[in-house]
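FYI, in this note's numbering the residues of the sequence shown are 249 to 1264.
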Amino acid sequence: MLSGVETNTVSPVFVGRAAELAALTETLTRACAGEPQALLIGGEAGVGKTRLVEEFLTAACRREAVVAVGGCVEIGADGLPFAPFATALRALRRALPEELAEAVAGQEGELARLLPELGEAERASNDEHGTARLFELTARLLERVSATRTVVLVLEDLHWADASTRHLLAYLFRTLRSGRLVVIATYRADDVHRRHPLRPLLAEMDRLRTVRRIELDRFSRAEVGRQLTGILAVLPDAALVDDIFDRSDGNAFFVEELARSVECCGGDSSGLSDSLRDLLLVRVEALPEHAQRIARVLAEGGSTVEHPLLAAVAGLAEDELDGALRAAVGANLLLPAPDSEGYRFRHSLVREAVSDDLLPGERTRLNRRYAEALEADPSLVRADERAARLASYWYAAHDPVKALPAVLQAAVEARRRFAYSEQLRLLERAMELWDDVPDEVRATLRPLDYAEVYPACGCEPRTDALRYLDLMAEAAVAARFGGDRERALTLTKKALRILDTGTDPLRAAWFWVQRSYLMQSLSRGDGWQELGTAQDLVRGTSPSAVHADVLAAAASWGALHRPGPETLKAADRAVEYARLVGEESIELHARLTRGWLTIDAGGVEEGLAEMYAVRDRAEELHLVGVMSRASINLPSSLESTGRSLEAVSAADHGIEICHTHGLPDSEAWVRANQAQSYFSLGHWEESRAAVDVAAPLARSRKAHGLVASRRADLALARGDFEEAQEQLVLNRRHLGLHDPQPQHLISPVRHAVALAAQQGRLPDARAAFEAQSEIGLPPGTQRYSLPLLHTVASAEADARGLPATDPGRPAILERVRTHLRQLPMLVPVWAAYGVLVEAELARAEGEDTPDHWRRAAEAFGPLQRPYELAQVRVRWAESILTATGERTPAAVLLREAHAVAARLGARPLAESIELLAGRARIALAGAGDEAADEEEPSDEPGAAVDVIESFGLTSREQEVHRLVAAGYTNRRIAEELYISPKTASVHVSNILAKLSVSSRGEAAAVAHRFRLYTVG
């Protein structure tokens, strides 16, 4: 593979850089072992980045690695997205044609946006998922190609990278997890000023432990001496080394150029310029006139210029052109381009010096000639580069009349490649040119390209010329899809200032909907005020796509924030309007919203049928946005109704959809939803595995928050309270409080209440619940609200009898009852939770009976909720022992519950069962337990209890524990028992250790939960 490595240096000796080369070689070794490696190599222009990479690639080829190099486009062809990736993938395709074909199989249409040679790009629907899909499929492509063969991918000159290239590289650095792959990117450190667009990417990469960054320093005097020896093939005089070191300041490229000049001057350095630019230009001026002309033409054409295009622009006869090129190549100023029949400068510094020396008029004329040549014969450049380069040439030619149409066409091509950042930049350039173009030219512009359902200003949107407001709409969508939401918000605000809402309500309404989306995504608010304005604008207007879109957006917002009958009516209207105007995508989104609202209203079968129908239709039409949303919402709705097995199956389908279409964030949502269903079914290991797979897939803050929520569920149930606290903090950090959706607020409150109660911090638990209670637990939130009410009631019941907690309990229990009455129990799982909460309320007031828990067990019995059923059985057994002292039925219940707790790994539940069984002298496992259960009960009221055997407490410790449970301080305990406070403190410490609790509050809670002592 060595033949694929191009070298462009003049020194035959590789000097210095031993540590850096060793670091690169180490990464290659790791990559060969299957661990992907990512490196950033920085340094000033000319310091030797390319030479270091060339040396490394030579070593990599000796180890049979496949090398693919792509360079970022310099100036002259800006707006060309993914340029270095396209070049590198072409190299991979030449080196590994069969492996690449196998890796892209089935995704050729998507990946053709990066590499057009794969075929025609799919005309997929435009949405915010497009770029993410492309990036994910690219990552999979590289992982597959490098699965059995080491691949080194090099992207040079990242400081010139387009935004899409930067975003894709960042995605790869963050997500590559497998494959024998090394990804290297080089950049000029001296070009990356404070506001350079590469700077945020470098800062982000510095935070990733998987990315290594190497900064190259200049050569020392000794290294410059060795470099000169290699170039001159003789040992240079010390004076010459000193002179060149002083002039070059150790810059390797400057050393090379000075050495060349010394050779030309017969070894005399006294007449050399101190300016690198002057040195380079002197070398150019030493060329024949035709060669100088070619150098000037090439300098303005871009990083690489194709031979036919160069010939058309230069205007030289064929023999003259060949002679000029031969002279420039022989002088080591130009090099043949490795992947095309064209030429480029040996070093970008040479190109910049020549370009900077052009006169303004000369530069303008050259760009015009490039543009005219390309217009006359479009085949002179690759089809995927044509529009962007033509737009760049006309813009640099300062011809707005020609530039505006070309820029607008280039924006269309960028959108089709999902390069939304480049599309936005081109559209902003079009806005800059707009006023400089006559009306008669603007009347011939292309029509509106894509702006969702925005209504074009012309009467015939498919044929009428673009208007300035249309341009702003395109730019707003491009900014939103490209992730530049701040710019999108600025554009929508500007458009709304221009618009007359009285005469143009539909376009104004469309911009207000955009503003709502952006306010939500930027955490500036919940977006309802903006949606309300949009609804006011379309009210009373004829049915239209905008009207349908406004209604669908309002219904979706309501479903997330204010579920209920009014929101369901809004969804009905959205579906009706979308059908009237033939907007099936909007209709399907609205039907999906209507489906889950119908379920919340009790129409489970009807709602689920609609959601299944929407999913199937979206797949038939290949509407990826609807498919993604259905993949998430359908399993979630099934789980909310207690149909967890069906939810797991629906999630499997959704995972396949998301994975096939490269939607990692959506897949993370689906897997997190599936984890919840596995948890409900009692498959906790499967639940943990699903969350572990979801975590690295998550891209959005909300997906990360959902993963944290699922991990908190498991941690709490298994007794890992430190982990639960960590996940609760992560959940709140990711979700914040700017968009108060019930699904994001209520579950974290439940986790906080449960954690505080377990740690004996009942006041904190109460405060968290009261805060959410003030916000509300409205109908439509049963799946989140009912488990919260159960957690609160259970915490109050466990703390009953603690003197410090008695004040305030009636108010908390009344709040729970009030909310419970307001939540319709429309499906069996909600009704079961309702019975369970009622039972816990009775226990919290000391009034529960075995019948309370029997009814709860009957409600949960058919629902495949083993954890909740085990909890109910423990309470049922406890109530039987308290009420009648009958151990036989209690033993059956405790053994069933303990088997479930042991299988699940539910440590807190298992420990509670074991403590209760020990107090009641009930053996939890093994044959012959019936005999133990029939032992004579003690005379103690209630169940037979042997505290010493149950907890290992001494008689004195029992006395101290009783007083701790009554709320006594160490001093009061000492006074009561006639011991010293220090002795009381020692006893309390021993009690905490034996009970495996961390605070006096928890110790007291154990005493009251198991009714160890008579209260009062």
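Don't be surprised by glycine CBs; every beta carbon is placed ideally from N, CA and C.
{"Asked": "In chain order, what residues of the same chain lie with their CB nearer than 6 Å to the CB of PRO1229, ignoring the 5 residues before and after it?", "Found": "ASN1218, ARG1219, ALA1222"}
{"Asked": "Look at the alpha carbon of ARG1065 and the alpha carbon of SER1127, and state the distance between them as a whole number of angstroms.", "Found": "22 Å"}
{"Asked": "Where do the ends of the beta strand (DSSP E) carrying GLN285 lie?", "Found": "285-291"}
{"Asked": "Starting from VAL317 and walking both ways along the beta strand (DSSP E), at which residues does that stretch end?", "Found": "314-319"}
{"Asked": "Counting only the same chain and skipping the five closest in sequence on each side, list residues whose C-beta sits under 6 Å from that of GLU1276.", "Found": "Outside the shown range of the chain (249 to 1264) lies residue 1276, about which nothing can therefore be said."}
{"Asked": "Where do the ends of the alpha helix (DSSP H) carrying GLU688 lie?", "Found": "687-690"}
{"Asked": "Across which residues does DSSP place PRO584 in a beta bridge pair?", "Found": "TYR591"}
{"Asked": "How many angstroms separate the CA atom of ALA308 from the CA atom of LEU450?", "Found": "26 Å"}
{"Asked": "Tell me which same chain residues have a C-beta within less than 8 Å of the C-beta of GLU1188, skipping the five on either side of it?", "Found": "At GLU1188, the pLDDT of 41 sits below 50, so the modelled position is not reliable and the matter cannot be decided from this model."}
{"Asked": "Under a Cβ-count criterion, where at least 16 other Cβ atoms within 10 Å of its own Cβ denotes burial, should LYS741 be classed as buried or exposed?", "Found": "exposed"}
{"Asked": "With burial defined as no fewer than 16 other Cβ atoms inside 10 Å of the residue's Cβ, what is the status of LEU893: buried or exposed?", "Found": "exposed"}
{"Asked": "Buried or exposed: which applies to THR552, given that a residue is buried once 16 or more other Cβ atoms fall within 10 Å of its Cβ?", "Found": "buried"}
{"Asked": "What's the C-alpha gap between GLU1182 and THR1136?", "Found": "Because GLU1182 sits at a pLDDT of 44, beneath the cut-off of 50, its placement in the model cannot be relied upon, and the point is left open."}
{"Asked": "Between which two residues does the beta strand (DSSP E) carrying TYR435 extend?", "Found": "429-436"}
{"Asked": "On the CB-based measure, 16 or more other CB atoms within 10 Å of its CB, does HIS1256 come out buried or exposed?", "Found": "buried"}
{"Asked": "Identify the continuous beta strand (DSSP E) that holds ARG461 and give its terminal residues.", "Found": "459-463"}
{"Asked": "Let me know the secondary structure DSSP gives ALA667 once reduced to three states.", "Found": "coil"}
{"Asked": "For LEU287, which of ALA963, ASP968, ASP454, GLU504 has the nearest alpha-carbon?", "Found": "ASP454"}
{"Asked": "Is HIS909 buried or exposed, if buried means 16 or more other CB atoms sit within 10 Å of its CB?", "Found": "buried"}
{"Asked": "Return helix, strand or coil for GLU1018, following the three-state DSSP convention.", "Found": "helix"}
{"Asked": "Answer with buried or exposed for VAL261, where buried requires no fewer than 16 other C-beta atoms within 10 angstroms of its C-beta.", "Found": "exposed"}
{"Asked": "Please classify GLY750 as buried or exposed, where buried requires at least 16 other C-beta atoms within 10 Å of its C-beta.", "Found": "exposed"}
{"Asked": "Let me check one thing: in DSSP terms, what residues is GLU404 bridge-paired to?", "Found": "GLY319"}
{"Asked": "Rounded to whole angstroms, what is the Cα-Cα separation between LEU424 and THR396?", "Found": "15 Å"}
{"Asked": "Which same chain residues, not among the five before or five after ARG1248, have their C-beta less than 6 Å away from its C-beta?", "Found": "VAL1212"}
{"Asked": "Hey, quick one: how far does the alpha helix (DSSP H) through LEU840 stretch, first residue to last?", "Found": "832-848"}
{"Asked": "Have a look at ALA500 and GLU292 and give me their C-alpha separation to the nearest angstrom.", "Found": "10 Å"}
{"Asked": "Relative to the C-alpha of LEU1034, which residue among ALA1015, VAL1075, ALA1059 is closest?", "Found": "VAL1075"}
{"Asked": "Considering only the alpha carbon of each residue, which of ALA1041, GLY1094, GLU610 lies closest to LEU1068?", "Found": "ALA1041"}
{"Asked": "Bridge partners for GLU1205 per DSSP, in chain order?", "Found": "Partner(s): none; GLU1205 has no beta bridge."}
{"Asked": "For my contact list, VAL400 and LEU305 are in at a C-beta cut-off of 8 Å; report their separation, rounded to the angstrom.", "Found": "6 Å"}
{"Asked": "Check whether the Cβ atoms of ARG694 and LEU656 sit closer than 7 Å, and answer yes or no.", "Found": "yes"}
{"Asked": "Could you check the C-alpha separation between ILE1023 and THR781 for me, to the nearest Å?", "Found": "24 Å"}
{"Asked": "Give me the Cα-Cα distance between LEU1240 and HIS1209, rounded to the nearest whole angstrom.", "Found": "9 Å"}
{"Asked": "For the stretch 397-417 against the stretch 332-339, do three or more pairs of beta-carbon atoms, one drawn from each stretch, fall closer than 8 Å, so that the two count as touching?", "Found": "yes"}
{"Asked": "Could you check which residue in VAL823, LEU300, ALA736 has the C-alpha nearest to that of LEU770?", "Found": "ALA736"}
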